[in-house]
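*Asks:* Input: one structure, supplied below.
There are 2 protein chains.
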Amino acid sequence: MKETLNITLRQAGLRVTSPRIKIWHLLETLPQRHLSAEEVYQALREMGDEVSLATVYRVLNQFAEAGLVIRHHFEEGHSVFELDEGTHHDHLVCVQCGKVAEFVDEAIEERQSIIAKEAGFSITDHHLTIYGVCSACCSAANLRA
Amino acid sequence: MKETLNITLRQAGLRVTSPRIKIWHLLETLPQRHLSAEEVYQALREMGDEVSLATVYRVLNQFAEAGLVIRHHFEEGHSVFELDEGTHHDHLVCVQCGKVAEFVDEAIEERQSIIAKEAGFSITDHHLTIYGVCSACCSAANLRA
DNA sequence: CTAAAATTGGGAATAAGTTGCAATCGCTCT
DNA sequence: AGAGCGATTGCAACTTATTCCCAATTTTAG
C-alpha cells in the first residue's frame, strides 16, 4: 500500500513528504470517511502526528486537484473531503449531528443523464445530497419533546 | 403586488421595513434569479438603494427562515439566494459560463423519498445539481478546437 | 553528498458571514 | 395624529474557514 501511495503521489507531480503520507494514511484508515480540514488537523494532532493547518489545507487541495480525494460542499460552511475510491455515490447528511451516509441509485443516475442530454448539457459532474434528520437524532428529538 | 409583500412579511412575523421591501423587490425584478448576498448588496447600491451589508445578510436569512427565498450552496464558497416561487426544482450549472438552468423530475423526487425512508432519515431538504457544459459553451469549444 | 526546487510552519491576511450596541423606525394603542 | 416600546438598522468589531507570505527545512536528481 505504501508503494501505491508513492507512485500515486509521483504521478500527481507531488513529492513524497511526511505530511502528505500522514494525511493520506489518516483518510485511508479512519472509519469516518468524510472529514473537514479542521478535523483532519485535529485527528493528526491527537495521534501525535502534528501537521500545520496551512499544510493540511494545501495538501487536501492538491489531493483534490489530483483527483485523489473528493471535496464536498454540504450546508455547513466548510468543505468536507473524502478519499476517492472511484465508486461514485451521493450523500445523506443529518442536519442535526452532521453524520454522512452514502447511497447510489441507478434510477436517479439514469434520469440525470437524460435530463442533461435534453438540456444540451455535457455532464462533467453532479451532486445529489439529501438533508434530513437521522433516525438517532429523530428519536432523541422525540424524547425531548 | 405590494400588498402581497406586506401580508407575506406580516405572516412571517417580520415588520415591513424599507430594506426588506428593497431586497424583495430586487429579487423579484432582477432577471438573474440566483444572487449572493454580496450581489444583492451591490445591485441595491448601484440602483441607489443603499442597505448595509449586515442587513442584507440578516434579511436574506430571515427570508430563508420564513421560506420566502431558498438558499443554495453551489461549489463557489458562498450562499446564493433565489426567490421561492413555490415550485421546487433542481439545477443544471454550466461550469464554463456559470449559467444556471432549472429542472424538475418526478422520478428522481420519488426515488429520493424512498432512499431517505430506507435510511431512516426524515428529509428536510435536498439539493441535486448537475454540473456540465451547456450547448452554447460546447459549440464554442468545438469551434475553437 | 550537494544544490536547486519543492514543501513546510506559523503568522498575517482575506473572504464570508455574524454579532453587540446605540440610534432609529414601525406598529399598536389612544 | 402622537407616544411608547419593541423590532430593526448601521457600523464596527468579531468569528470561522481558508489562503498567502516567507524564512527555514526537506526532497530528489545528479
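The listed protein sequences derive, respectively, from chains C and Y. For what it's worth, the working numbering labels the leading residue of the first sequence as 1292, then goes sequentially. For what it's worth, the working numbering labels the leading residue of the second sequence as 1292, then goes sequentially. Built from N, CA and C at the ideal position, the CB exists for glycine as well. Please read these numbers as outputs of a predicted model, since none were measured by experiment.
Rounding to the nearest angstrom, what Cα-Cα distance links residue 1298/C and residue 1313/C in this structure?
*Replies:* Those two C-alpha atoms are separated by around 16 Å.
*Asks:* At which residue ranges does the stretch 1311 to 1342 of chain Y contain complete alpha helix (DSSP H) runs of 4 or more residues, listed in the order of the chain?
*Replies:* Listed in chain order, they are 1328 to 1337.
*Asks:* Residue 1315/C: which of 1372/C, 1418/C and 1407/C sits nearest, CA to CA?
*Replies:* It is 1372/C.
*Asks:* Quick check on residue 1378/C - is its C-beta less than 8 Å from some C-beta in chain Y?
*Replies:* By this cut-off, residue 1378/C is not an interface position.
*Asks:* So residue 1349/Y and residue 1355/Y are supposed to be a Cβ contact under 8 Å. How far apart are they, rounded?
*Replies:* That pair is no contact at about 11 Å.
*Asks:* For residue 1277/C, which of 1376/C, 1400/C and 1405/C has the nearest alpha-carbon?
*Replies:* Here chain C covers residues 1292 to 1436 and nothing more, so residue 1277/C does not appear.
*Asks:* Are residue 1385/C and residue 1342/C closer than 8 Å when you measure CB to CB?
*Replies:* Not in contact: residue 1385/C and residue 1342/C (Cβ atoms no closer than 8 Å).
*Asks:* The stretch 1400 to 1419 of chain C: which residues have C-beta closer than 8 Å to a C-beta of chain Y, in chain order?
*Replies:* Answer in chain order: 1402, 1403, 1406, 1407, 1410, 1411, 1412, 1413, 1414, 1415, 1416, 1417, 1418 and 1419.
*Asks:* Going along chain C in order, which residues have a C-beta closer than 9 Å to the C-beta of residue 1260/Y?
*Replies:* For chain Y, the structure presents residues 1292 to 1436; residue 1260/Y sits outside this window and is missing.
*Asks:* Restricting to runs no shorter than 4 residues, where is the alpha helix (DSSP H) found entirely within the stretch 1335 to 1395 of chain Y?
*Replies:* 1344 to 1356, all fully within the stretch 1335 to 1395 of chain Y.
*Asks:* Does chain C have any CB closer than 8 Å to the CB of residue 1386/Y?
*Replies:* Yes, residue 1386/Y counts as interfacial toward chain C.
*Asks:* When DSSP labels each residue in this structure, what does residue 1299/Y get in the three-state scheme?
*Replies:* Of the three classes helix, strand and coil, the one that applies to residue 1299/Y here is helix, per DSSP.
*Asks:* Return yes when at least one heavy atom of the ligand GDP lies under 7 Å from the C-beta of residue 1413/Y, else no.
*Replies:* This structure does not include the ligand GDP; it has no bound ligands of any sort.
*Asks:* Work out the CA separation of residue 1366/C and residue 1323/C for me, nearest whole Å.
*Replies:* Whole-angstrom Cα-Cα distance: 18 Å.
*Asks:* Taking Cβ to Cβ, would you say residue 1399/Y is nearer than 8 Å to residue 1402/C?
*Replies:* In contact: residue 1399/Y and residue 1402/C (Cβ atoms closer than 8 Å).
*Asks:* What are the residues that DSSP puts in a beta bridge with residue 1413/Y?
*Replies:* For residue 1413/Y, which the question treats as bridged, DSSP gives the partners 1424/C.
*Asks:* Based on Cα-Cα distance, which residue from 1394/Y, 1303/Y, 1309/Y and 1408/Y lies nearest to residue 1335/Y?
*Replies:* Checked all of 1394/Y, 1303/Y, 1309/Y and 1408/Y; the closest Cα to residue 1335/Y is 1309/Y.
*Asks:* Which term fits residue 1369/C, buried or exposed, when burial requires 16 or more other beta carbons within 10 angstroms of its beta carbon?
*Replies:* The residue in question, residue 1369/C, is exposed, as its Cβ has fewer than 16 Cβ neighbours within 10 Å.
*Asks:* Taking the CB atoms as reference points, tell me whether residue 1305/Y and residue 1357/Y lie closer together than 8 Å.
*Replies:* Against a cut-off of 8 Å, the Cβ pair of residue 1357/Y and residue 1305/Y comes out as a contact.
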